[in-house]
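Written below as structure tokens is the structure these notes are about.
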Amino acid sequence: MTEGKESEQDDDEDKNSGALYSDDESIIEEASEENLETAETEAHINGIFSVNKQEQILNVTTLPKKVRIECKLNNIDDVLEELGGFGKFQFMMLIFLLGFEIPTAFLVFIPVFIGATPSIWLCDNETISRTDACTCEGQLYPLDSTVSIVTEWKLICSTSWVSDTIVSLQMLGMMFGSICVSQLSDWYGRRYVFLTMVLQMIVACILTATAPNAWVYAAARFLCGGAFAGFLTTTAIYSMEFLTPKWRQLSSVGPFGEGTMLLGVIAYFLRPWRTLVWVTLLPFTLIVVIFPFVPESPRWLLRNQKFEKCHTVLKYIARVNGKAPISMETLKFIAEKERPASDNDDGKVERFSYFIFCRDKNLRKTTLYLQGIWFMWALVYFGISYNIKNLAGNPYLNVILMGGVDAIGYPTSFLVNIKIGRRKALVTFMTITAIFLVAIAILLLTVGLEGHDSLRASLYFIGKFGTAGARSACRTLTGESFPTAVRTMGIAMASITASLGAAVSPQLAYIGAYWPSVPFFVLAAISVTGSLMSFLLTETSGKPLQEMQDKKIRYKKPAQKYGVGTIVPMNNEDDEHNMKHL
1 MTEGKESEQD DDEDKNSGAL YSDDESIIEE ASEENLETAE TEAHINGIFS VNKQEQILNV
61 TTLPKKVRIE CKLNNIDDVL EELGGFGKFQ FMMLIFLLGF EIPTAFLVFI PVFIGATPSI
121 WLCDNETISR TDACTCEGQL YPLDSTVSIV TEWKLICSTS WVSDTIVSLQ MLGMMFGSIC
181 VSQLSDWYGR RYVFLTMVLQ MIVACILTAT APNAWVYAAA RFLCGGAFAG FLTTTAIYSM
241 EFLTPKWRQL SSVGPFGEGT MLLGVIAYFL RPWRTLVWVT LLPFTLIVVI FPFVPESPRW
301 LLRNQKFEKC HTVLKYIARV NGKAPISMET LKFIAEKERP ASDNDDGKVE RFSYFIFCRD
361 KNLRKTTLYL QGIWFMWALV YFGISYNIKN LAGNPYLNVI LMGGVDAIGY PTSFLVNIKI
421 GRRKALVTFM TITAIFLVAI AILLLTVGLE GHDSLRASLY FIGKFGTAGA RSACRTLTGE
481 SFPTAVRTMG IAMASITASL GAAVSPQLAY IGAYWPSVPF FVLAAISVTG SLMSFLLTET
541 SGKPLQEMQD KKIRYKKPAQ KYGVGTIVPM NNEDDEHNMK HL
């Protein structure tokens with residue numbers, strides 16, 4: 001009984017003295033002004049404000065209620081959650097940014113149609129096959145209404161390799177685009193790099209549509225590849241940095257498959273290849289309408305200590321989501337806490353180059369693993385996609401079905417990623433791909449190309465479904481594995497090898513025209529290797545980007561005053577120690 005009374009008396013004394021902690025969650029309690037004029041003990045408010053002995057501080061009760069709530073915000077993910085998590089603004093950003101994946105799908109897969117080789121030709125009014133076209137000594141015309149670069153520039157026989165080689169050149173353009181654009185995005189921001197890439201795709205498509213010969217056409221496709229890679233790298237990070245961990249996977253679920261389906265429909269009605277290019281570049285012009293409503297990434301602004309601009313963006317997010325904005329003091333604290341130790345003491349932000357991936361052991365290992373996985377995934381994905389021209393049936397319907405498989409695969413991957421994590425999802429989808437590719441190869445070896453067209457097509461599209469799901473998992477896993485300061489460059493490092501894999505893939509399609517089963521055996525083996533390599537990576541599902549950063553770059557945490565006591569960022573161990581002390 002005595003101990004109970006003493007405990008009650010202690011509780012009353014704590015309340016009267018203005019205790020800074022509650023028993024449950026260390027939330028700031030009401031305090032009297034008299035007892036807080038001078039702090040006689042070291043106190044700690046939610047792991048953010050540390051008050052030293054005999055140091056004058058402001059009365060906690062004079063702080064606005066909004067600031068008291070903000071004491072719980074430790075990183076930018078907490079801020080975004082406080083501003084609505086996934087609200088109207090995030091939905092709008094995903095529509096604006098990922099919506100451009102529809103015309104980029106046009107750009108990537110349009111060579112399937114504009115580089116198509118007709119199977120039946122007319123030689124002086126005599127019908128001949130594609131293989132016999134080389135023996136024609138008279139006037140040679142395609143039997144159907146196909147008007148492609150092959151028919152316009154007669155890229156057959158000794159020059160039949162040109163069309164597929166130009167596709168490989170487009171993929172090499174992706175490699176250079178990844179290298180150049182990513183560093184600009186980390187240095188100068190996501191927003192204007194995103195705009196630049198869309199404008200470059202417009203210019204490259206115009207050059208494609210007006211190309212007078214194969215040389216100009218090849219240069220235009222190289223520019224298309226570079227712009228596509230830069231767009232893909234920037235957009236993946238740009239959209240992700242507006243999302244909290246719970247919703248981050250949505251940044252990899254874009255309408256790329258729907259764009260592929262739509263391309264098949266448009267190409268069916270617009271057979272002349274130049275007209276097709278002109279029509280498919282029109283959606284890119286929407287950037288003029290959308291760009292004013294797309295702000296810079298708040299993570300990038302905070303990382304580069306552009307506090308005023310970051311605060312403006314966060315107020316914009318709060319207004320759209322119908323939430324109260326956060327204070328500038330909280331924003332500066334979070335910036336200080338997340339500031340890398342490599343930054344200068346005078347507040348200048350260090351700009352990293354690609355050499356950081358060689359110097360830092362953790363970054364080097366992670367990058368090498370991801371590069372291997374991206375190379376194998378891209379080789380399989382584009383190898384299957386461009387090999388569709390060797391698939392029996394209507395080529396337009398085949399492309400529509402291929403896009404439909406992608407459209408199903410991306411949201412399915414989203415659900416699987418949430419359920420079992422990024423790494424297991426990647427392994428699962430790559431394994432599915434390998435199984436069905438082996439089945440196709442065995443079918444081709446046993447029965448050949450004659451018959452079983454429906455069965456072969458079914459196996460083909462299920463294997464394609466696996467690569468679509470793997471793309472979504474791989475894209476999210478990569479974005480979550482690098483810190484903000486080098487995130488775009490990290491994805492670019494992985495995209496470089498992906499571009500190499502994509503550059504090789506059209507050559508597998510060329511081989512498939514002569515040895516149909518070989519590409520499928522090769523792609524199946526590569527898919528299995530990629531799935532096994534996934535086990536070398538660390539799972540990132542559900543973890544904040546701040547934790548991912550701590551694993552790659554060490555952060556220093558100096559004390560700095562912002563007018564309310566002395567701010568001393570602390571880690572979890574410091575919090576537990578202070579709680580026990582109190």
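If you're matching positions, the sequence shown starts at 1 in UniProt numbering and goes up one per residue. Beta carbons are placed, not taken as given, at the ideal position from N, Cα and C, and that holds for glycine. These numbers were taken from a predicted model, which means no experiment stands behind them.
DSSP three-state assignment for residue i, whether helix, strand or coil
i: P272; result: strand
i: W515; result: coil
i: I428; result: Reading off the sequence shown, one finds Thr at residue 428, where the question assumed Ile. T428: helix per DSSP, three-state reduction.
i: E480; result: helix
i: N390; result: helix
i: K154; result: coil
i: T538; result: coil
i: G463; result: helix
i: G115; result: coil
i: S327; result: coil
i: F89; result: helix
i: V294; result: coil
i: L437; result: helix
i: S168; result: helix
i: S160; result: coil
i: F355; result: coil
i: K332; result: helix
i: T446; result: helix
i: T529; result: helix
i: L243; result: coil
i: P283; result: helix
Inter-residue CB distance, residue i and residue j (contact presumed, cutoff 8 Å)
i: T488; j: T233; result: 6 Å
i: R248; j: E480; result: 7 Å
i: F291; j: Y238; result: Wrong, their Cβ atoms sit about 12 Å apart, outside the cutoff.
i: A218; j: L169; result: 6 Å
i: S413; j: A473; result: 6 Å
i: L455; j: F520; result: About 14 Å separates the two Cβ atoms, so there is no contact after all.
i: V504; j: I511; result: The pair is not a contact, with the Cβ atoms about 11 Å apart (cut-off 8 Å).
i: E116; j: K389; result: The sequence shown places Ala at residue 116, rather than the Glu named in the question. Confirmed, Cβ separation roughly 7 Å.
i: A457; j: Q371; result: Their Cβ separation, rounded to whole angstroms, is 33 Å, which puts A457 and Q371 out of contact at 8 Å.
i: L391; j: L477; result: Incorrect: roughly 30 Å between the Cβ atoms, too far for contact.
Beta-carbon gap between residue i and residue j smaller than 8 Å
i: I440; j: G463; result: yes
i: F96; j: W273; result: no
i: I400; j: M261; result: yes
i: I356; j: V486; result: yes
i: V313; j: E336; result: no
i: A468; j: G257; result: yes
i: L243; j: F86; result: yes
i: C205; j: L107; result: yes
i: L98; j: P255; result: yes
i: P298; j: I76; result: yes
i: V294; j: R191; result: yes
i: K88; j: V320; result: yes
i: R423; j: A236; result: no
i: L83; j: A318; result: yes
i: A509; j: M171; result: no
i: T208; j: R221; result: yes
i: F535; j: A470; result: no
i: M197; j: F231; result: yes
i: C134; j: I156; result: yes
i: Y369; j: P506; result: no
Residues that DSSP places opposite residue i in a beta bridge
i: V147; result: P272
Delimiting residues of the alpha helix (DSSP H) encompassing residue i
i: R398; result: Sequence check: residue 398 is Asn here, not Arg. Per DSSP, N398 belongs to the alpha helix (DSSP H) from P395 to I420.
i: C310; result: F307 to N321
i: F382; result: K361 to Y386
i: L301; result: P298 to R303
i: R191; result: R190 to A209
i: T234; result: A214 to M240
i: L103; result: The sequence given here has Pro at residue 103, not Leu. E101 to F109 is the extent of the alpha helix (DSSP H) around P103.
i: V79; result: I76 to E82
i: V253; result: Segment: none, V253 is in no alpha helix (DSSP H) and carries neither H nor E.
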